[in-house]
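Just so you know, the sequences run in chain order A and B. Using this note's numbering, the final residue of the first sequence is 66, and nothing's skipped along the way. Using this note's numbering, the final residue of the second sequence is 66, and nothing's skipped along the way. All remarks here apply to the structure that follows.
2 protein chains.
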Amino acid sequence: MEYIENSAFLIAFGKNLRKYRKLKGFTQEQLANDLGIEISQISRIERGVINTSIGNAYTIAKVLKIDIKELFDF
Amino acid sequence: MEYIENSAFLIAFGKNLRKYRKLKGFTQEQLANDLGIEISQISRIERGVINTSIGNAYTIAKVLKIDIKELFDF
DNA sequence: TCAAATATAGGCATATATGCCTACTTATTT
DNA sequence: AAATAAGTAGGCATATATGCCTATATTTGA
């Protein structure tokens, strides 16, 4: 198994999240509303600007109705 | 798929991390040193006291030489 | 091409994780 | 039982994520 840098990981995670969000037909705003977090955060997470929490990742998976492991599968 | 509460998720994550840490023969201190983070944080994460970042989870997986998905597999 | 919807960018205040430290507790080993 | 190792607890300062807001850019649809 090869490991990437932390910043690259955040970007990869964000891209993956964006993929699943669109796949499930959510806009950033809808996702943020369902999550109960700020819409600007979704944009930041998807671009890899911020290093969000595991709890947030879990809640996102919950809203998207996917397994959290899928968010880390890339 | 059934989803648990956020606080329960953090506790489950911590227990799982502890399982893998011991499985790989690390003390909290060794893991913290290899990670380059504070030992007190490991204790807090394992007990579900804090909601650590996805980047931290990734680095932990890297040090333990496991796939990050395993940390979320419970 | 224009309008509307969606996403990006950044500033500022606040909340929470983290680092650093000391003290205490629990577990392990002899 | 005593000594050592490992883990827990909490305080305080700092760093970073988050919330809230406004403005700009980009994409999508008519």
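Quick reminder that beta carbons are idealized off the backbone N, C-alpha and C, glycines included.
Residues that DSSP places opposite residue i in a beta bridge
i: Ser(-1)(A); result: None, per the DSSP bridge assignment.
i: Ser32(B); result: Paired residues: none, contrary to the question.
Supposed contact pair residue j and residue i - C-beta distance, whole angstroms, cut 8 angstroms
i: Asn(-2)(B); j: Tyr50(A); result: 7 angstroms
i: Leu63(A); j: Leu9(A); result: 6 angstroms
Cβ of residue i within 8 angstroms of any chain B Cβ
i: Phe66(A); result: no
i: Asn43(A); result: yes
i: Gly6(A); result: no
i: Phe1(A); result: yes
i: Asn(-2)(A); result: yes
i: Thr51(A); result: yes
Chain A contact for residue i (CB, 8 angstroms cutoff)
i: Tyr12(B); result: no
i: Ile60(B); result: yes
i: Lys54(B); result: yes
i: Gly47(B); result: yes
Beta carbon of residue i nearer than 8 angstroms to that of residue j
i: Tyr12(B); j: Ile58(B); result: yes
i: Gly6(A); j: Gly28(A); result: no
i: Thr44(B); j: Ile46(A); result: yes
i: Ile60(B); j: Ala53(B); result: yes
i: Glu21(A); j: Ile31(A); result: yes
Candidates the options: closest to residue i by CA position
i: Ile3(A); options: Arg36(A), Glu21(A), Ile31(A) and Gln20(A); result: Arg36(A)
i: Val55(B); options: Gln33(B), Ile34(B) and Leu23(B); result: Leu23(B)
Closer than 7 angstroms: residue i CB and nearest the ligand SAM heavy atom
i: Phe1(B); result: The ligand SAM is not part of this structure, which contains no ligands at all.
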